[in-house]
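Trainee: Residue numbers (our numbering), protein chains in the order written: chain R, 83 to 192; chain F, 5 to 118.
What follows is the structure, given as structure tokens:
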């Protein structure tokens, strides 16, 4: 069974702080990893993708991938109230199906 | 910005109705997908079309019938649905259906079955 696991949260952080989201996956052969943001009542919006070990930065977002540990994370720096949403970790397994974790709900307190 | 357009955005249908959800993408992608998302759950894959051919059907009941008229269009025909089929239906696309290709979602169609 191929699985993607996330801490369901909710994760509450004060405005300006760093929000740290974690995700583990079961298939060591996985090659592609994504973070989607989903606001309530809206569709998932791609915010980051990462394919190689290490860090990838885009604005206030940093994705970190460690294939040996089967672990991918997302850091949100200088968190803003507009970052309050559910963050979905997604992995493409060898069968090219995109599988999602349960999502982590983030609330940024003003 | 993604260019996956879904219509209608909201649909209410009775259990005896026949309706369709439509999806169009303008990115030249050759893979298109239907996902279903229930409240507070992650999206679940229903169908994958690759080069206009159905390549994955995740054991979806036959009351859901996908159709891919061309590489830009993907429809989902609905017939004799049940109230538990009420959900957000998401269309998505990617360049091809393979690992390493980013999948982009449309805004979704909210379906209520009464």
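For glycine and all other residues, C-beta sits at the position ideal for the given N, C-alpha and C.
Bear in mind that the values here come from a model prediction, so they are computed numbers and not experimental data.
Comparing alpha-carbon positions, which option in F:118, F:17, F:36 lies nearest residue 10 of chain F?
Mentor: Among F:118, F:17, F:36, the Cα nearest to that of residue 10 of chain F belongs to F:36.
Trainee: Does residue 145 of chain R get closer than 8 Å to chain F when you measure Cβ to Cβ?
Mentor: Taking Cβ atoms only, chain F never reaches closer than 8 Å to residue 145 of chain R, which makes this a no.
Trainee: By alpha-carbon positions, which one of R:118, R:87, R:117 ends up nearest to residue 108 of chain R?
Mentor: Nearest of R:118, R:87, R:117 to residue 108 of chain R, Cα basis: R:87.
Trainee: Three or more C-beta pairs under 8 Å: does that hold for the segment 96 to 115 of chain F against the segment 17 to 27 of chain F?
Mentor: The segment 96 to 115 of chain F, when compared against the segment 17 to 27 of chain F, does touch it at the 8 Å Cβ threshold.
Trainee: Closest by CA to residue 127 of chain F, which one among F:117, F:41, F:65?
Mentor: Outside the shown range of chain F, which is 5 to 118, sits residue 127 of chain F, and nothing can be said about it.
Trainee: Indicate whether at least one CB of chain F lies closer than 8 Å to the CB of residue 212 of chain R.
Mentor: Chain R is shown from 83 up to 192; residue 212 of chain R falls before or after that span and cannot be answered.
Trainee: Measuring alpha carbon to alpha carbon, tell me which residue in F:21, F:30, F:45, F:19 is nearest residue 98 of chain F.
Mentor: The shortest C-alpha separation from residue 98 of chain F is found at F:30.
Trainee: Leaving out five residues on either side along the sequence, give the residues of the same chain with a beta carbon under 7 Å from the beta carbon of residue 102 of chain R.
Mentor: Within the same chain, residue 102 of chain R has close Cβ partners 155, 157.
Trainee: Within 10 angstroms of the Cβ of residue 119 of chain R, are there 16 or more other Cβ atoms? Answer buried if so, exposed if not.
Mentor: Answer is buried; the Cβ neighbour count reaches 16.
Trainee: Please classify residue 127 of chain R: does DSSP put it in a helix, a strand, or coil?
Mentor: Three-state result, residue 127 of chain R: strand.
Trainee: Can you tell me which of the three DSSP states residue 160 of chain R falls into?
Mentor: Correct three-state label for residue 160 of chain R: coil.
Trainee: Assign residue 140 of chain R to one of three DSSP states: helix, strand, or coil.
Mentor: Residue 140 of chain R: strand per DSSP, three-state reduction.
Trainee: Helix, strand or coil for residue 87 of chain F, going by three-state DSSP, please let me know.
Mentor: The answer is helix: DSSP assigns residue 87 of chain F an H, G or I state.
Trainee: Count the CB pairs spanning the segment 161 to 171 of chain R and the segment 179 to 191 of chain R that are closer than 8 Å, and state whether there are at least three.
Mentor: Result yes; three or more Cβ-Cβ pairs closer than 8 Å.
Trainee: Count the other CB atoms, across all protein chains shown, that sit within 10 Å of the CB of residue 22 of chain F; report buried if there are 16 or more and exposed otherwise.
Mentor: When all chains shown are included, residue 22 of chain F counts as exposed.
Trainee: Does any residue of chain F have a CB that is nearer than 8 Å to the CB of residue 92 of chain R?
Mentor: Chain F, which has no Cβ nearer than 8 Å to the Cβ of residue 92 of chain R, makes this no.
Trainee: Is the beta carbon of residue 113 of chain R sitting closer than 8 Å to the one on residue 104 of chain F?
Mentor: Result yes, Cβ atoms of residue 113 of chain R and residue 104 of chain F sit closer than 8 Å.
Trainee: Are the Cβ atoms of residue 175 of chain R and residue 106 of chain F separated by less than 8 Å?
Mentor: Not closer than 8 Å, so no.
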